[in-house]
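Protein chains in written order, with the working numbering: chain B, 31 to 582; chain D, 31 to 582.
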């Protein structure tokens, strides 16, 4: 692998460990027994062996390190997030600190690697190639879900063959849910394999009262904010375009909100607010058009609008429409198949309820077509194909044209579109994520050494310097409740959406009218690794506002 | 203006001046009289007062600084490029070094500000707000062309009113051409206003034997390479997509080539090569399909393709088609207006020559429609609307489907699309561009102090440390030849295309088969400002290879 000058320089970076992890061993301090986030009785029944475990906090110890070597397997699950390689290097260093004969095996291309017995041993020469780098390419990732007894048993074969005592699963809410189920199963059958989860996702929706943030969110939002800031500066220099920027994150708007707090754009739509206010697509369009009009009155025919990728699925009217479309096209599949292509949209309109037909009629034809006709092999609407940024800019344009005819708007409206997602998922981790991930991996090793299973590796106090971070473990069942998935009630980790009474959103609400009317753009610039701490080491603003503590 | 932590930290950066500019004054060393790049007789006739001037090199002098204050006007012309603010701050510091009573006026929103008398004085408090920052927002930019006597005379009114002795025009090849014409005109009428050009454009196509690079190219390509590198790492981790990435730059492929040299993608199309080889669109598609097939045979169903924005206009067959379309639709406008929309494509096909009709038929319908029907108010084809990255990926997909039927390809082919342009034009300048721009502005001040007009500010030896850069001035007429523009022969600065026998392209050719088949991705990461010199201060690889000197 040919390395860029920055990569070569970053090899030398030593992630900062919490002070508690710098002794020869850790002392386990157990908290009270825990309860699940909801549906306690159901969860307890499903996890008889791992329910109610105490939260764990480590304290520094100068006892001798546990001397028995541990063999550990590690899996990267789901979408890439900056810092995954550092979780693995922290885990590696952690188990080597326990005993230099400990071994680490990586299962390849995600959970499928465990089931299919594809793995490689991760030795120090491999680990050293990947320290402080982005990507999941050290072992690859995948989206196979570990859910069935057959998978668990198949996995156990290779774990036994390799003498693996513990499995670390690095993933989002679903993967950690499955880690808990696997932990419970292996404990129940006395397999002798511990399972530890690590909270990963750039979306930022895996967090709760005990997990302050998921790794990758910090770096990804910094990359997006860099390019958003650059576009804002272009916007403010050329003064001729409205830029519509879609940002990754289908399930929650944390990314859009964080980027808005960092960049101060003219408009940022927050899906959770749209849903809570039961806004229609037309109302979202009106809100943006209002900004365009207000700025045009000041001679400013330019601006920046941030749109979360998942918006369309949060609009209650659209959600109701999609639900009825799914039912309709499933129930009348044969009848619909006989409809001539040109008549399809009209046929659908005629078969929808009045309210949903009205929503359907409000959509641009291309989008109506995508929503109703372009379906995936399972017959589902392919919402991710909808170019929401173009949909909105087009609808705003139509609204403005109408207002122009009525003499209520007299500006110019030219648009540009962007979508940022893949640009940030594999960036080199920021110092924050490099430290956080390394610490999470190292903590996972300590949880293993202390016999824990069904725990998520945890670092808290994250707005303080890493040396002060609190390391420990959180029972995964503590984050769970029961939710309906594919028609069945399942135990799942509750997804963290943007809280409309949370500090980050309230800060945004307080500022947004000012940002809308004036040019308050800020330009965060690229992630810096070597400069002053106030540039290089600041955590996300979401974390800062949520913690309501001193600025780092 | 609320500043990000990085902006606050960058305020303190002191751009490095060439040693020759650190004395109290400069000594002018004149070279031989110069000739224009071509059409010497014609250019000489058009520039009787400014033709044949000598190249100027400055030497360090400890003489007293010229004591007379100078009043200078500055204009940002055309698209944004990182470092414009540093040209202005270097110019400001330069004229203040000449005499602290010198004044700097910025004309607003481009050359139009001169004609319309929109300006503001740039005082030290304003300048200090913008040092080392991206964007052109200090005074804005615009695309008005300074071409007519009326504009020149109107401009002179405000220059006289403000007592301005010299005008600095920061722009691309066209703007510098117009700077030369303006210099000639003001000299001819004895206006007493010198005109100095500064070479700006991220496209990198304003360079020649005496101008090593234009400013902004370094920073913009670093930003694009950062996100391309991140996407490559994602590509190499998820192993499931072919990413088609279009890069800004319509007239030349320098940006795509530089990003390819930095990132080592699987495929990079260079428009100049396509043109030189008289390749058809189908041949370009075949070249990409070939990479997809070769990689699929190794089990690699993923990759990255870089495409220069201007590709479609470089394909000779498409160029011929566009030319005939333009003629046809102009000559038979009335007849065509009567054709029913559904019949338009067929009507066009029937009226084209056989060769062009074949090219037309090879295009996806949407593109054929864009090429022939979506015309700007002047009746021209709107090539910039064509999403070349999607056009290519779609055509490659069709080709692969055909090969699959023939049993010659058995891979998976899923695509993602990106276009990077606005993300880089207003980035905070790299250390290279911060230094280069500041030095260009400072040098412009020295050219003014020494009575030059019709010169372009010049810094050379750019792969060495800034302290060793050679400062001086190049007569703009030296870069000119006659070219047909809108049906008339005009004096213009010759645009620098990618040279197919130049070192950067040859390096690419040498490596591209390896890059195609294997995963040789490099990940440049974000621009760094504070770290080790080999990370922060390296110039573009294009410059490094062109200079064939030691690595900086």
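All residues carry an ideal CB built from backbone N, CA and C; glycine is no exception.
As the structure is a prediction and not an experimental result, all values here were calculated from the model.
- In terms of Cβ geometry, residue 471/B and residue 486/B do not form a close pair [threshold 8 Å].
- Residue burial is scored here from C-beta neighbours: residue 251/D has at least 16 other C-beta atoms within 10 angstroms and is therefore classed as buried.
- With respect to chain D, the C-beta atom of residue 443/B has no partner C-beta closer than 8 Å.
- Under a 10 Å Cβ-count criterion, residue 209/B is classified as buried, with 16 or more other Cβ atoms of the shown protein chains found around its own Cβ.
- Beta-carbon to beta-carbon, residue 267/D and residue 233/B are separated by about 17 Å, too far to satisfy the 8 Å threshold.
- Counting only the Cα atoms, residue 115/B lies some 16 Å from residue 261/D.
- The contact set of residue 329/B on chain D, defined by CB atoms closer than 8 Å, is empty, because the minimum CB distance reaches about 11 Å.
- DSSP places residue 362/B in no alpha helix (DSSP H); its state is neither H nor E.
- Residue 227/B sits away from residue 195/B, with the two beta carbons spaced by 8 Å or more.
- No residue range can be given for residue 176/D, since it is assigned to no beta strand (DSSP E) and is classified by DSSP as neither H nor E.
- When Cβ-Cβ separations below 8 Å define contact, residue 559/B makes contact with chain D.
- The three-state reading of DSSP puts residue 429/B in helix, counting H, G and I together.
- Any Cβ of chain D closer than 8 Å to the Cβ of residue 552/B would place that residue at the interface, and such an atom is present.
- The three-state secondary structure of residue 293/B, taken from DSSP, is helix.
- Residues of chain D whose Cβ lies closer than 7 Å to the Cβ of residue 392/B do not exist, since the nearest Cβ in that chain is about 25 Å away.
- Under DSSP, no beta-bridge partner is assigned to residue 190/D.
- Residue 392/D and residue 312/D have their alpha carbons spaced roughly 8 Å apart.
- For residue 392/D, the uninterrupted alpha helix (DSSP H) segment begins and ends at 384-392.
- Going by DSSP, residue 571/D is part of the alpha helix (DSSP H) stretching over 571-577.
- Between residue 37/D and the set 276/D, 517/D, 158/D, 318/D, the nearest pair of CA atoms involves 158/D.
- Taking residue 498/D as the centre and dropping the five residues before and after it, the same chain places the C-beta of 48, 49, 491 closer than 8 Å to its C-beta, in chain order.
- The closest CA to that of residue 53/D, considering only 76/D, 91/D, 559/D, 69/D, is found on 91/D.
- Judged by beta-carbon spacing, residue 111/D lies beyond the 8 Å limit of residue 276/D, meaning their Cβ atoms are not closer than that value.
- A straight-line Cα-Cα distance of about 18 Å links residue 121/D and residue 192/D.
- A distance of 8 Å or more separates the beta carbons of residue 258/B and residue 556/D.
- Cβ atoms of residue 105/B and residue 211/B stay farther apart than 8 Å, at about 14 Å.
- Judged by DSSP in its simplified three-state form, residue 135/D adopts strand.
- Assignment of residue 322/B by DSSP, reduced to helix, strand and coil, places it in the helix class.
- Distance from residue 264/D to residue 452/B at the Cβ level is roughly 5 Å; contact confirmed, criterion being Cβ atoms closer than 8 Å.
- At a Cβ-Cβ threshold of 8 Å, residue 281/D and residue 525/D count as neighbours.
- At a cut-off of 8 Å between beta carbons, residue 452/B contacts chain D.
- For residue 378/B, the enclosing alpha helix (DSSP H) covers residues 374-381.
- Annotation for residue 101/B: the continuous beta strand (DSSP E) segment containing it runs 101-106.
- Residue 244/D and residue 136/D have their C-alpha atoms roughly 21 Å apart.
- Between residue 64/D and residue 32/D, the CB-CB gap reaches or exceeds 8 Å.
- Secondary structure note for residue 489/D: its beta strand (DSSP E) is the uninterrupted segment 485-490.
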